[in-house]
Each structure stands twice: as C-alpha cells, then as structure tokens.
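Residues are numbered in this note's numbering as their position in the sequence shown, beginning at 1, plus a constant of 163.
Yeah, the Cβ is synthetic: ideal placement off N, Cα and C, and Gly gets one too.
Quick caveat: nothing in here was measured; it's all calculated off a predicted structure.
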Amino acid sequence: MLRFFTITTVAELACLISALVFLIGDKRTFWKLITLYIFLAVFTEILGKVLGKIYHNNIPLYNLFILIELSFITYGFYFFLKKYIDIKLWMVGIYAACLCIYFGYFLIYGVNSYNAITASVMSVVFVVYGLMYFYLLLKDESYIDLKFHPAFWWVGGAVVFYFGGTLANFFDSLFQSIYFGKYPIRYYIYSLLNVFLYGFWTYSFICRARQRKLTH
C-alpha cells in the first residue's frame, strides 16, 4: 500500500494550502507563480510514488522536476536580488551554464540516471545567491522589520534547505547506510530540511499578506 502522506508531502501540502489562502489576489508575478511551483512539487512527490510502485522507476520524473526547480528558484532569487543589484546578465549566464550541465548529463548517462550533478551545482549556486542577498540586506540602510519581511523568510528557507542538502550530499553514502528504524538517516535529514523550507515559506506568505494589507 502506498504511503502518500509522508513528512515531506504533509509539509508541501500545508505550504500549498497556505499559498492559496494568503497569496490569493496577489498581483506580483513571483507570488502568483510560487503557488503553481508548490503544486508541481506536491504532484511530483505523489506521482513519483505511483510510478515507483507500478514501474519501479520514477527517476525521469524527478529529473524533469530538477529543471522546474532550477528555473523557478533562479527566478525567485532574481526577484529579490534585483532590488539591490543589477545581476540579470550574471544570473542568465549561470542559469545557461546549469542548463548545459543538465542536458549534457543526459547525453552521457541518459534520463534514467538521476541528475545529481545538476542538483548539487544548483544547490551551491542558490546558497551563494542567498548569502549575497543577506549581505545586501545587511547593508541596506532603510529600516526593515525582519520579523515580517517576506523576502527574508523566503530566502532563509531556501538557504537552509540548499545548504543542508549540499552538506548531506557530501556524506550521502554514509547517511544511506545508517538506519534509524525502517528508514536510512538520509530520509530523516531531507524530511527535516523540507519542513524547514516549507515552514519558512509558509511564514513568508503570511508576511506577504500582511505587507499587502498595510500598503493598501
């Protein structure tokens, strides 16, 4: 019997519901697209379980989601960084390089091999973008209440997730071999990282709804 409700899927569903509640009617493109992105993340998790059960192979699906993730998270960081710095050309160039790695991997190994190289490279890139954002935010002389600043919490969630994932990848073979109950410790690490990611993002949606209310 398939277990559709895992720690990750519950965190994703809670975040999706929060996005539908708090971001409804938002006019900014980024805040509109994030609801679609989270829906695709939930859909991928559920469909991945079905494909794994029936066909014993869900790798092509997760490889496709890497492209969606790379594209949307890159756009998200651009959306927040452009307030402080003209970085569009650099980000387009880095995105193009990641696409070359992404498609080049499949030419060599095929779509039935998980594209871990692209996933690792984009994680490092996203951490750098996040740290750059925090540095520029720190230099911002205008008053910003971080408790209610949606960009801070969105970026914070992404940095925790991708930095933690990058560290976990270094010890992947070790974490795969150590079991706690029925599952390897890797399962719990990534589940916790997903809780942080979607928890931070959910709070960023609440902050965004508050921000919109105050500016109207």
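CA-CA distance, Ile307 and Gln374? 12 Å
Which of helix, strand or coil DSSP assigns to Phe167: coil
Under a three-way DSSP split, which group does Tyr342 fall into? strand
Do Thr237 and Ser283 count as a contact pair if the criterion is CB distance below 8 Å? no
Hey, Leu299 and Ile257: beta-carbon distance below 8 Å or not? no
Look at Phe243 and Tyr200 and say whether their C-beta atoms are less than 8 Å apart. no
Neighbourhood of Phe324 by C-beta distance below 8 Å, restricted to the same chain and skipping five residues each side: Leu356, Asn357, Phe359 and Leu360
Using a C-beta cutoff of 8 Å, does Thr192 count as contacting chain D? No chain D is present in this structure, which holds just one protein chain.
Counting pairs of beta carbons, one from the segment 278–294 and one from the segment 340–348, are three or more of them closer than 8 Å? no
Quick one: Cα of Lys190 to Cα of Pro313, how far? 15 Å
Integer Cβ distance of Cys261 from Leu233, believed to fall under 8 Å: 6 Å
According to DSSP, residues forming a beta bridge with Pro313: None; Pro313 has no bridge partner.
Which residues mark the beginning and the end of the alpha helix (DSSP H) in which Phe212 is found? A small fix is needed here, since residue 212 is Lys in this sequence, not Phe. Counting along the chain, the alpha helix (DSSP H) containing Lys212 begins and ends at Thr192 to Ile217.
Run the CB neighbour count on Ser276, radius 10 Å, all protein chains shown included, and call it buried at 16 or more, exposed below. exposed
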